[in-house]
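What follows is a set of notes on a single structure, which appears directly below.
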Amino acid sequence: APLEGVVESVAVAPEERVAAGQVLVRLEDTALKSRRDTAEKALAVAEAALQQAQRGSFGSADQKERIAVLEARVDLRRSELAEARAMLDRLVIRAERDGVAVFSDPQSWSGKPVRTGERIMRIADPQRVRLRVDLPVHDAIALDDGAPVRFFQNVAPLAPLSAELVRGGYEARPQADKVL
């Protein structure tokens with residue numbers, strides 16, 4: 004997640020092929036749209052005040068002094084508006100590269116609050132597949148680095164994938180399900 008928010012919708016299905024730039028996730032935009040609208044109105048007010056001061060500056064020294072302050076206020080309001088628009092653009096999360104969307108059930112994300120940096124999904128390159136296998140301590144087997152392995156997928160149990168063990172770890176540590 005590029006910023007804190009609530010997931011409005013997930014635009015792709017798990018294991019769906021995606022193209023670079025394709026919309027993956029939309030975060031709710033209500034608060035940021037309100038912020039953008041407020042910034043637009045504040046900019047319009049600041050610009051109107053500046054124009055009024057510029058018109059009145061021909062006859063008044065006080066108005067001339069206010070122009071610099073009002074110009075700075077207009078610049079500030081433009082910056083606030085640009086920031087609000089940039090934040091709105093970040094609410095639509097797009098794929099950075101071609102690949103396959105890897106994540107759990109899209110319905111479980113709908114309406115879920117997320118923090119900045121929280122992982123919603125990964126985009127995997129199908130040509131560079133890696134597999135991590137965690138075995139309970141009582142099922143641990145000794146394998147050397149470089150050992151050939153075969154992986155049987157649930158979706159294609161009769162077509163195992165061949166691979167090679169890159170690294171094996173032997174130190175037991177608790178997993179999310181509290182199993183060592």
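First residue of the sequence shown: 4, per the working numbering; consecutive thereafter. The beta-carbon is built from N, C-alpha and C at its ideal position, and this holds for glycine as well. Given the structure is predicted, the values throughout are model-derived calculations rather than measurements.
- Judged by DSSP in its simplified three-state form, A166 adopts strand.
- Within the model, the alpha-carbon separation for R69 versus A56 is close to 7 Å.
- In the three-state reduction of the DSSP assignment, G59 falls in the helix class, which pools H, G and I.
- Around the beta carbon of R100, a 10 Å sphere encloses fewer than 16 other beta carbons of the protein chains shown; the residue is thus reported as exposed.
- The C-beta separation of P17 from F106 comes to about 6 Å, placing the pair in contact by the 8 Å criterion.
- DSSP lists A104 as the bridge partner or partners of I126.
- Judged by DSSP in its simplified three-state form, I144 adopts coil rather than helix or strand.
- Annotated three-state conformation of P109 is helix, per DSSP.
- Annotation for R153: the continuous beta strand (DSSP E) segment containing it runs P151 to F154.
- Here I126 is near A98, since their CB atoms are less than 9 Å apart.
- Between E7 and R153, the beta carbon gap of about 43 Å keeps them out of contact (Cβ cut-off 8 Å).
- V103 is the residue among K67, F155 and V103 whose C-alpha sits nearest the C-alpha of R131.
- Distance check between V26 and each of L168, R39 and E11 places E11 closest, using alpha-carbon atoms only.
- One alpha carbon belongs to A150, the other to I144, and they sit about 12 Å apart.
- With a threshold of 16 other beta carbon atoms within 10 Å, L161 falls short and is exposed.
- Within the model, the alpha-carbon separation for K67 versus E83 is close to 25 Å.
- The shortest C-alpha to C-alpha distance from L30 to any of A71, R135, S113 and G172 is the one to S113.
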